[in-house]
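Under UniProt numbering, think of the first position of the sequence shown as 1, with each following residue one higher.
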Amino acid sequence: MMTLRVLVQSKSDKMIQHNICCCFALLALNILAVITLPQTCHDLAQYDKCSSNPLCACLHSVSSNDSGICAFRWTTCSELDACTINTHLCFQPNHICVHHPDCQNQPLCYPLSMTTADLCPTISETTTPTSSFSTGTDDVELCLTATWSTQGITVAGGKGFGDKLDQLADPYGIFLDDNDTIYIADRSNHRIVMWEQGAIVGQWLAGYKEDNARSMSLNMPQDLVVDQNGTMHISDGGNYRVVRWNRGAQEGEVIVDHIQAVGIAQDNTGSIYVSEYADGRITKWSKNNDDQLFGQVIATKLRQSNFIFVDRDRSVYSTGYMAHRIVKIIEGVEEPLVVAGQSDKSGHDLHQLTFPTGVFVDHQGTIYVADTDNHRIVRWPKGATSGILIVGEHGRGSASDQLTHPSDLFLDRQGNLYVTDTLNNRVQKFLIDKSSCHSKSK
């Protein structure tokens, strides 16, 4: 602390001293009045959720790897100044030095005005978010008479083709965790983005960032799956590889190379399944006793296998893009079984598919298909020879009851349907109606 020393020699000097003291007291009070106490976070990973506002995240302090401030995350990087190199100080008033690797590796001065309780309210009862993840297997159990609203709700994108975080560009694969957080392979933006429920803007997770060229680049990512730890496995189609991206990491790790990966799925043992489009085959990747990853071919001659789905019995459902069908590959059975569509016969009738891509299977064995070139979603009950239309009665378009080249789909645990409406650059949610289930047995 700096001490101000004044020599008093006369009455006038005493008056000067008194005035100086008053000025410093007022200055101190003013400083205290404008200091903003930040919202803090503890025992959280970098960028973990720390507030009921999904746009806020935990930014670690320079002296900690599990605590810091709970702040609005999307302050423009170019507006943030670096902290002093050795002392990690901020010369700007009401700023604090934190780690923000999405902007740069060096610690940055973050404005405390972005950490207020009004902006980032605390999460009730606990500051530790509880996240759980699904493998995408058939956990959803629905009655056969359930229906869906034909009017979709835009839950991601929908603001035209673009690279802003409230936009998408040819969204392709989609995944939902058990909190209904949406993960999207934002294909033409070469990135993976995440949209929490109710969010009006997405969050960057992996791939290209305009202000962070250090991040491992993705090239036309096709699909992804998220495990119970939040680790993503991404089919990086344009780079002919599969990438593992740990939760909160800034860089990914190549685990399978020289492979034209499109669809990707994970079973309940943690094994990864990859569809290889050009080779028309599906490979399964597991770890041996030495924790080394090894692959095995489980199906061939699939005619441009696109997206895939793995059920709890580890049967694999594959969309044959050029064959206009869905096949089921049963473990231990040599020949795949056609379960939807007609082999090599495209068409608009409900017993036909045209260039299908996404597939999802519920607990009953009912198959849900993104019938891409028919611009619709159809539902095939187990053993059916024809599908049931869910969405797309009015053909292609951008209205709430229309789709244009839908690519993938996912059902949440309540049965609500999410669709990547690719050429409309949005994700649509269609609410389920289970009222008929109460009067009829499942």
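Ideal Cβ positions, reconstructed from N, Cα and C, are used throughout, including at glycine.
In this structure, the beta-carbon distance from R241 to V225 does not fall below 8 Å. Of all alpha-carbon atoms in T420, G397, P381, V338, the one lying nearest the alpha-carbon of F430 is that of T420. Using a 10 angstroms sphere on the CB of G347, the tally of other CB atoms stays under 16, which defines it as exposed.
For H42, the enclosing beta strand (DSSP E) starts and ends at 40-42. Between T150 and V297, the gap from beta carbon to beta carbon reaches 8 Å or more. Pairing T366 with P93, the inter-Cα distance amounts to about 60 Å. In this chain, P101 is not harboured by any beta strand (DSSP E), its DSSP state being neither H nor E.
In this structure G68 touches C58 by the C-beta definition: roughly 6 Å separates them, less than 8 Å.
A buried status is given to H233, since no fewer than 16 other beta-carbon atoms sit within 10 Å of its beta-carbon. When the beta-carbon positions are compared, G160 and P54 stay at least 8 Å from each other.
Secondary structure at E79: helix, using DSSP grouped into helix, strand and coil. Between the C-alpha atoms of L337 and C70 there is a straight-line separation of about 52 Å.
By the CB criterion at 8 Å, L350 and G387 fall inside the cutoff. For the pair T354 and H394, the CB atoms are not nearer than the 8 Å cut-off. Secondary structure within the region 129-201: the beta strand (DSSP E) runs of 3 or more consecutive residues, fully enclosed, are 153-157, 171-176, 182-186, 191-195 (chain order). Annotated as proximal: D178 and R413, with beta-carbon spacing under 8 Å. Counting along the chain, V316 sits inside the beta strand (DSSP E) bounded by residues 316-320. Residue environment analysis places I174 among the buried positions, since at least 16 neighbouring C-beta atoms fall within 10 angstroms of its C-beta.
For G162 and A169, the gap between their C-alpha atoms comes out near 6 Å.
Annotated as distal: F360 and L423, with beta-carbon spacing of 8 Å or more. Between the C-alpha atoms of E334 and N306 there is a straight-line separation of about 20 Å.
Pairing T122 with Q39, the inter-Cα distance amounts to about 8 Å. Taking C-beta separations shorter than 8 Å and ignoring five residues to either side along the sequence, the partners of S61 in its chain run S67, G68, I69, I96, C97, V98, H99, following chain order.
DSSP places N306 in the uninterrupted beta strand (DSSP E) bounded by 305-310.
Excluding its 5 nearest sequence neighbours in each direction, M220 has C-beta neighbours in its own chain below 6 Å: R187, G237, G238, listed in chain order.
Cβ contact annotation for R303 (same chain, cutoff 6 Å, sequence separation greater than five): G280, G320, M322, A323, in chain order. Going by DSSP, G263 is part of the beta strand (DSSP E) stretching over 261-266.
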